[in-house]
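Participant:
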Amino acid sequence: MPEKWIQYWRLARLDKPVGWLLLLWPTLWALWVASDGHPRPGIVVIFVLGVITMRAAGCVINDILDRDLDPLVERTRERPLASGAVTVREALVVFIVLMILALFLVLLLNRQTLLLAVAGAVIAASYPLAKRFTHLPQVYLGVAFSWGIPMAFTAQDSPLMPLAWWLLIANLLWTVAYDTMYAMADRPDDLKAGIKSTAILFGRRELAINAFLQALALGNLALIGHTLNLGAVFYAGLAAAALTVVYQYQLCKDRDRRKCFKAFLNNIWFGGFVFAGLWLAYLLRV
Numbered sequence: 019m020p021e022k023w024i025q026y027w028r029l030a031r032l033d034k035p036v037g038w039l040l041l042l043w044p045t046l047w048a049l050w051v052a053s054d055g056h057p058r059p060g061i062v063v064i065f066v067l068g069v070i071t072m073r074a075a076g077c078v079i080n081d082i083l084d085r086d087l088d089p090l091v092e093r094t095r096e097r098p099l100a101s102g103a104v105t106v107r108e109a110l111v112v113f114i115v116l117m118i119l120a121l122f123l124v125l126l127l128n129r130q131t132l133l134l135a136v137a138g139a140v141i142a143a144s145y146p147l148a149k150r151f152t153h154l155p156q157v158y159l160g161v162a163f164s165w166g167i168p169m170a171f172t173a174q175d176s177p178l179m180p181l182a183w184w185l186l187i188a189n190l191l192w193t194v195a196y197d198t199m200y201a202m203a204d205r206p207d208d209l210k211a212g213i214k215s216t217a218i219l220f221g222r223r224e225l226a227i228n229a230f231l232q233a234l235a236l237g238n239l240a241l242i243g244h245t246l247n248l249g250a251v252f253y254a255g256l257a258a259a260a261l262t263v264v265y266q267y268q269l270c271k272d273r274d275r276r277k278c279f280k281a282f283l284n285n286i287w288f289g290g291f292v293f294a295g296l297w298l299a300y301l302l303r304v
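Taking the numbering used here, I'd label the letters of the sequence shown as residues 19 to 304.
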């Protein structure tokens, strides 16, 4: 690709799949639960493409709003906007194009899902402002990263809709934990720049709080599995996810910035193991 297009690709973080995987896993959980293990292939394709598109749009608007803060943080100062490789005008064009693509995808779904999508877009676009006004931007991100869950239920007219909010809470707890690890990697720079986060709010209690949040998330998922009679294979997936929690705790215990970021990245396995257990549970039920 031409150099400028490479910068646009980087601006949308399409070179870093971890972000959209963390958003995709809970969306897939919801698609399978809402459809009793038999989601329509077309719906799955729309949601996968929608997750990638909206995550990319969220990254672009995040960098536009944080263009004065990113140069102050070691990990973000080389991002295309922060480094000057992309202009604000170019970034806005990329954002608009991505939002048009997302709108096209959601128009293929029903009206209720479209209304939820509009609310989700507002939440995602306003998330970058949270770190300026509250020490709980990770909670705000948790809502944004969980919004695909009720959308997955309404898109399939699921009679299990009450479970959507239960699943949303589980994912919210998990998201706050892994994004706190992400914030732990940036904490020294964030303190200098005046950026707020749960890593700063929790202080030296962050490891215990993270483990507690992840345990609550797993407990919620276990209760959902019990309600749906998903069987032993689902709990095996949860057990594998629990092992990633132990590993992440070991990585973070010294508060080393690189290891905290590695722990954050490891969460793709947490989400993947939960989905693997869920998928197999429904597959073996047939």
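Quick reminder that beta carbons are idealized off the backbone N, C-alpha and C, glycines included.
Bear in mind the structure is a predicted one, so any value in this text is a computation, not a measurement.
Could you give the uninterrupted runs of the alpha helix (DSSP H) lying entirely in the region 151-223, keeping only those of 4 residues or more?
Facilitator: Runs of the alpha helix (DSSP H) inside the region 151-223: 155-164, 166-173, 179-211 and 216-220.
Participant: Would the beta-carbon of A294 fall within 8 Å of that of V263?
Facilitator: For the purposes of this step, residue 294 is taken as residue 276 along the sequence shown, with counting starting at 1. For the purposes of this step, residue 263 is taken as residue 245 along the sequence shown, with counting starting at 1. Cβ atoms of A294 and V263: not closer than 8 Å.
Participant: Would A250 pass as a contact of L116 if the rule is Cβ separation under 8 Å?
Facilitator: On the sequence shown, position 232 is the one that residue 250 refers to. On the sequence shown, position 98 is the one that residue 116 refers to. Their beta carbons are not under 8 Å apart, which means A250 does not touch L116 by this criterion.
Participant: Let me know if R95 comes out buried or exposed under the rule of 16 or more other beta-carbons within 10 Å of its beta-carbon.
Facilitator: Stepping through the sequence shown from its first residue, residue 95 is reached at position 77. Burial call: exposed.
Participant: Going by DSSP, what residue range makes up the alpha helix (DSSP H) through T45?
Facilitator: The count along the sequence shown starts at 1 and reaches residue 45 at position 27. Taken as a continuous stretch (DSSP letters only), the alpha helix (DSSP H) holding T45 covers V36 to A52.
Participant: Check whether the region 217-225 touches the region 98-110, counting contact only when three or more Cβ pairs, one atom from each stretch, lie closer than 8 Å.
Facilitator: Touching, no, given that fewer than three Cβ pairs across the two stretches are closer than 8 Å.
Participant: Answer yes if the region 148-161 comes into contact with the region 46-54, meaning at least three C-beta pairs across the two stretches below 8 Å, and no otherwise.
Facilitator: At 8 Å Cβ cutoff, the stretches do not touch.
Participant: Taking the alpha-carbon of W287 as reference, which of T198, R129, I24 and G37 has the nearest alpha-carbon?
Facilitator: Here residue 287 corresponds to residue number 269 of the sequence shown, with the count starting at 1. For W287, the nearest C-alpha among the options comes from G37.
Participant: Where in the region 81-156 do unbroken runs of the alpha helix (DSSP H), each at least 4 residues long, occur, reported from the N-terminal end onward?
Facilitator: Counting whole runs of 4 or more residues, the region 81-156 contains the alpha helix (DSSP H) stretches 98-101, 106-124 and 129-151.
Participant: I need the straight-line Cα distance from D207 to Y26, nearest angstrom please.
Facilitator: Here residue 207 refers to the residue found at position 189 of the sequence shown. Here residue 26 refers to the residue found at position 8 of the sequence shown. Answer to the nearest angstrom: the Cα atoms are 26 Å apart.
Participant: Write down the C-beta distance between W99 and I114 rounded to the nearest angstrom, noting that I regard them as a contact closer than 8 Å.
Facilitator: Taking the sequence shown and counting its residues from 1, the one referred to as residue 99 is at position 81. Taking the sequence shown and counting its residues from 1, the one referred to as residue 114 is at position 96. In the sequence as displayed, the identity of residue 99 is Leu instead of Trp. Actually they are not in contact, since the Cβ atoms of L99 and I114 sit about 15 Å apart, beyond 8 Å.
Participant: So does the region 196-205 actually touch the region 170-185, counting three or more Cβ pairs closer than 8 Å?
Facilitator: Cβ pair count under 8 Å is below three, so no.
Participant: The alpha helix (DSSP H) spanning G255 covers which residue range?
Facilitator: Here residue 255 corresponds to residue number 237 of the sequence shown, with the count starting at 1. Where G255 is concerned, the enclosing alpha helix (DSSP H) stretches over A250 to C270.
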